[in-house]
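Sequence order for the protein chains is A and F.
Numbering of the first sequence is given in my numbering, commencing with residue 505 and proceeding in unit increments.
Numbering of the second sequence is given in my numbering, commencing with residue 505 and proceeding in unit increments.
Each residue gets a CB set at the ideal place from its N, CA and C atoms; glycine is no exception.
What you are looking at is a predicted structure, and each value in this text was computed from that prediction instead of being measured.
Data first, discussion second: the structure below is written as structure tokens.
There are 2 protein chains.
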Amino acid sequence: MVAHPRNAELRNRITIVRIVRLSLVVVGQEPEIRAYQVRMEMVEKKFVVTPWEVSGIVDYERLIREFGTQPISGGLAKRLESSLGDTAYLVRREIFFSHRDLNLVLDDYEKGKGFFLYTGRGPSGPMHIGHILQFYFTKWLQDKFHVNVYIQMTDDEKFLEEKRNLSYEETQKWAADNILEVAAVGFDPDKTFILQDTEFVGHAYPLILKIARRVNYSTAKSVFGFTGETNIGFSFYPAIQILPSLFEKKRCLIPSAIDQDPYWRIQRDIAESLGYHKAAAVHSKFMPPLTGMQDKMSSSKPETAIYLNDDEKTVRNKIYRHAFSGGQSSIEEHRKLGGNPDVDVPFQWLYMFFEPDDKRIEEIRAEYRSGRMLTGQMKDVLVEKVTGFLREHRERREKARDHVHLYKKDGALAREMWKHDFAKS
Amino acid sequence: MVAHPRNAELRNRITIVRIVRLSLVVVGQEPEIRAYQVRMEMVEKKFVVTPWEVSGIVDYERLIREFGTQPISGGLAKRLESSLGDTAYLVRREIFFSHRDLNLVLDDYEKGKGFFLYTGRGPSGPMHIGHILQFYFTKWLQDKFHVNVYIQMTDDEKFLEEKRNLSYEETQKWAADNILEVAAVGFDPDKTFILQDTEFVGHAYPLILKIARRVNYSTAKSVFGFTGETNIGFSFYPAIQILPSLFEKKRCLIPSAIDQDPYWRIQRDIAESLGYHKAAAVHSKFMPPLTGMQDKMSSSKPETAIYLNDDEKTVRNKIYRHAFSGGQSSIEEHRKLGGNPDVDVPFQWLYMFFEPDDKRIEEIRAEYRSGRMLTGQMKDVLVEKVTGFLREHRERREKARDHVHLYKKDGALAREMWKHDFAKS
């Protein structure tokens with residue numbers, strides 16, 4: 505299985521890198537001419553990326569090396585771009601930055617063998633912008649490639665993850681809530697199956713058993729860092745997360761943030777021995793929290809994230825009050841020195857998702873860097889985009905209430921999956 | 505949970521005791537007067553009792569001490585005897601020899617609170633006499649106490665137990681076969697639910713998750729001796745075996761051979777925190793293999809066991825050829841020295857199950873010990889009993905084909921269980 509469990513464990517859990525620390529330094533002594541300058545200094549700092557934790561400033565190139573994935577670049581980037589059309593900016597801007605076997609997926613697609621998409625959500629609370637983006641990315645892939653999408657709602661995992669301290673009822677409530685958000689994204693109801701683990705595990709149990717028999721405890725422990733305190737449900741759970749990657753005897757492409765990669769490493773160890781394909785993956789970067797480029801949006805710190813059910817006033821407030829700005833401290837200084845879009849979260853959000861127009865985003869970048877665009881104006885642009893996006897998402901969500909049953913039970917793909925005989929998998 | 509995992513592990517796995525070794529010693533020098541004498545000597549020997557292995561000669565008193573259970577004796581034995589009526593010989597003869605909380609079960613029964621029974625079977629192959637006895641014992645308890653019985657068919661466990669190397673299809677075949685054997689025992693179809701794990705796990709998954717969240721890996725490891733090589737399905741499985749013990753908010757009495765006790769130790773650690781009762785147990789002794797008082801009947805050694813589908817000729821052959829005898833080597837010697845019923849397997853089988861009449865069994869013992877009854881005659885008695893039992897069992901099995909659906913789906917209790925909302929457990 506994994507060759508060097510100890511190393512693998514270390515690799516997944518902690519990586520020490522040099523990062524940029526921002527600090528404000530007073531450069532003038534007299535109060536009236538006090539000015540601030542952003543000083544960048546290199547310091548030793550950890551960052552952590554596991555399926556349950558992302559902290560620090562993520563060094564994506566380093567992740568590619570440590571996780572053993574491949575960058576999306578050169579000819580492969582061109583192939584993907586040409587398929588994506590109007591959403592190709594995700595490739596050009598390296599939001600999709602890393603992959604496993606994406607080239608084989610595109611080969612299979614071009615040869616007419618097809619492939620399928622699989623992504624998921626752990627329903628532990630309300631969803632924010634950072635959560636929903638991967639579903640939009642996945643929908644766009646579905647739109648371009650016309651393939652089946654399987655979306656796993658891992659309510660069992662969230663119940664078993666003890667530190668969350670969620671009751672069973674709470675996980676059920678959040679599963680229903682989150683499924684509606686996902687339905688709002690607008691997947692094809694006949695090519696999309698949303699499986700809620702607590703409902704579907706029984707039906708697929710024969711295949712889950714076959715997966716579980718292939719994964720021994722030391723492998724799972726070394727990949728996920730389980731300890732003796734880990735409950736036996738949680739250490740079994742990887743078998744369930746691997747399940748949908750074996751729903752078809754085609755190649756499975758998993759669009760996800762890179763923190764979920766450890767699951768696919770185990771999947772890739774065992775899939776072929778069960779008669780299936782190794783999972784392919786396309787990894788997207790984490791959307792930074794509003795409060796700065798460090799860590800990821802956190803449900804326990806509401807100021808770091810914008811929730812899908814935040815109203816317009818809340819969105820404005822959060823962006824104006826909490827969004828970390830790369831601008832200067834006064835209009836005069838800003839006009840003179842210009843802003844730094846690399847650390848400006850409103851700019852980064854526009855770049856990563858909300859402004860697909862390459863020409864427009866580069867105008868914004870240049871305007872900001874030159875000092876012609878002020879921090880407040882940058883935030884105005886983002887507020888406009890986010891409130892517009894949320895308004896449309898919410899409208900779709902209301903309409904989606906009547907479609908949830910199609911994704912879960914009655915659409916063509918859902919019906920097929922509920923009829924599928926997993927004893928014969 | 506378990507206070508001293510290391511000690512607990514050792515306790516479960518190996519116990520060193522003094523046992524009796526039988527050896528044949530030539531006592532006459534000249535060939536024509538050669539005689540054999542059974543010499544008994546005390547030697548150091550191990551025996552092992554785990555849920556997956558029983559070997560050596562089991563010292564039941566020692567097991568009671570090591571497992572921390574209680575002997576069934578004194579007032580408690582009297583109470584149980586008086587309830588059992590015509591099957592009280594199981595208590596008098598100490599076939600039911602050990603228990604946990606049986607006194608509380610009888611208290612609950614007498615107070616009208618009731619209780620329920622739970623037992624099970626791992627369908628890894630054809631069932632033999634040793635397997636079916638516990639089901640007859642359980643049925644007799646049901647007949648006397650008029651209580652619900654839950655019978656778990658652990659086809660998932662047998663698939664996950666890698667050393668058995670069973671395909672999924674094989675576990676399904678044996679599950680169907682074994683369910684029919686169990687149905688032949690004649691449980692009350694409206695008070696009995698046979699749950700086949702691969703069918704029922706999904707329905708009960710919420711409660712399984714609640715159990716699993718309470719059991720950490722080190723506890724399970726120390727109780728069952730898991731290693732890093734153990735697959736993650738097998739280390740999760742204890743949550744599933746514990747499940748039926750929480751099917752009702754009454755006390756659960758588990759009639760089983762004592763090798764399954766480790767599961768109930770974990771159950772007793774967590775049941776009350778989930779709002780249920782600690783499981784009670786009544787432990788029966790292992791029926792010895794035909795070939796001698798050591799180990800237990802083994803499916804991999806067909807001469808050690810009589811299968812429920814062995815025909816009369818096979819039964820005769822096995823008993824006459826393989827049944828270990830406590831008799832002397834010649835009729836003359838036997839008449840002179842007498843036989844030893846303590847090591848005579850035919851006598852032990854009669855004593856443990858096939859001859860419930862106390863007066864008759866003591867006559868047989870005395871006749872044999874005195875030398876008046878010969879080995880062949882003892883075997884005749886057993887052949888008669890076993891073939892009669894199997895004939896009746898097989899007749900019941902044919903009739904039971906039409907009743908399986910009642911135990912699994914359509915009887916009153918089965919219907920109730922399939923309707924039960926485990927999310928509210």
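Partners in chain A for residue i, counting only beta-carbon separations shorter than 8 Å
i: F448 of chain F; result: In the structure as shown, chain F starts at 505 and stops at 929, and residue 448 of chain F therefore has no counterpart that could be examined.
i: E733 of chain F; result: N720, Y721 and S722
Sequence-distant residues of its chain with Cβ nearer than 6 Å to residue i (five each side left out)
i: L910 of chain F; result: P693
i: G618 of chain A; result: K754
i: D605 of chain A; result: A784
i: H787 of chain A; result: S602 and I762
i: Y622 of chain A; result: Y654, P748, S749, C756 and I758
i: G915 of chain F; result: P693 and D694
Beta-carbon contacts of residue i that lie in its chain and below 7 Å, excluding the five residues immediately before and after
i: E685 of chain A; result: M631, I636, L812 and R901
i: Q533 of chain F; result: Here the model assigns Q533 of chain F a pLDDT of 35, short of 50, so the residue's position is not dependable and the matter cannot be decided.
i: P710 of chain A; result: F926, A927 and S929
i: E816 of chain F; result: T891
i: R668 of chain A; result: S628 and K662
i: N682 of chain A; result: R625, P627, M631 and M657
Beta-carbon proximity of residue i to residue j, cut-off 7 Å
i: D659 of chain A; j: T702 of chain A; result: yes
i: Q574 of chain F; j: H603 of chain F; result: yes
i: T891 of chain A; j: V819 of chain A; result: yes
i: I746 of chain A; j: I698 of chain A; result: no
i: G831 of chain F; j: H838 of chain F; result: yes
i: H794 of chain F; j: A761 of chain F; result: Reading off the sequence shown, one finds Leu at residue 794 of chain F, where the question assumed His. No, they are not a contact pair.
i: F497 of chain F; j: F740 of chain A; result: With chain F covering 505 to 929 only, the question about residue 497 of chain F has no answer from this structure.
i: W853 of chain A; j: L886 of chain A; result: yes
i: G560 of chain A; j: L664 of chain A; result: no
i: K800 of chain A; j: I810 of chain A; result: no
i: V595 of chain F; j: Y640 of chain F; result: no
i: I865 of chain A; j: Y855 of chain A; result: yes
i: Y593 of chain F; j: P850 of chain F; result: no
i: G880 of chain F; j: G842 of chain F; result: no
i: K648 of chain A; j: S587 of chain A; result: yes
Bridge partner(s) assigned by DSSP for residue i
i: F600 of chain F; result: F:S788
i: M657 of chain F; result: F:R625 and F:Q700
i: P575 of chain A; result: A:S602
i: F851 of chain A; result: In the DSSP output, where bridge partners are listed per residue, F851 of chain A has none listed.
i: F619 of chain F; result: F:R755
i: H632 of chain A; result: A:Y811
Contacts that residue i makes with chain F (C-beta to C-beta distance below 7 Å)
i: T702 of chain A; result: Y709 and P710
i: D773 of chain A; result: Under the 7 Å cutoff, chain F gives no residues; its nearest Cβ is about 13 Å from D773 of chain A.
Neighbourhood of residue i by C-beta distance below 8 Å, restricted to the same chain and skipping five residues each side
i: S777 of chain A; result: R718
i: H781 of chain F; result: K753, K754, R755, C756 and A775
i: E807 of chain F; result: L794, T795, K822, R825 and H826
i: K863 of chain A; result: none
i: K913 of chain A; result: R919 and W922
Proximal residues of chain F, C-beta to C-beta of residue i below 8 Å
i: I736 of chain A; result: A716, V719, N720, Y721, A724, S739, F740, P742 and A743
i: L713 of chain A; result: D660, F663, L664, Y672, T702 and G737
Per-residue contacts from residue i into chain F (C-beta, under 9 Å)
i: A927 of chain A; result: Y672, E673, Q676 and T702
i: D681 of chain A; result: Here the premise fails: no neighbours, minimum Cβ distance about 16 Å.
Beta-carbon neighbours of residue i, restricted to chain A and to distances below 7 Å
i: G706 of chain F; result: V705, G706, H707 and Y709
Worksheet item: In the region 765 to 814 of chain F, which residue ranges form an unbroken alpha helix (DSSP H) of at least 4 residues, counting only runs that do not cross its ends?
Response: 765 to 774
Worksheet item: Taking the runs of the alpha helix (DSSP H) that are 4 residues or longer, which of them lie wholly in the region 694 to 764 of chain F?
Response: 701 to 704, 709 to 718, 721 to 728, 736 to 740 and 742 to 746
Worksheet item: Between the region 644 to 672 of chain F and chain B, which residues of the former have CB atoms less than 8 Å from a CB of the latter, in chain order?
Response: Note that chain B does not occur in the displayed structure, where the protein chains are A and F.
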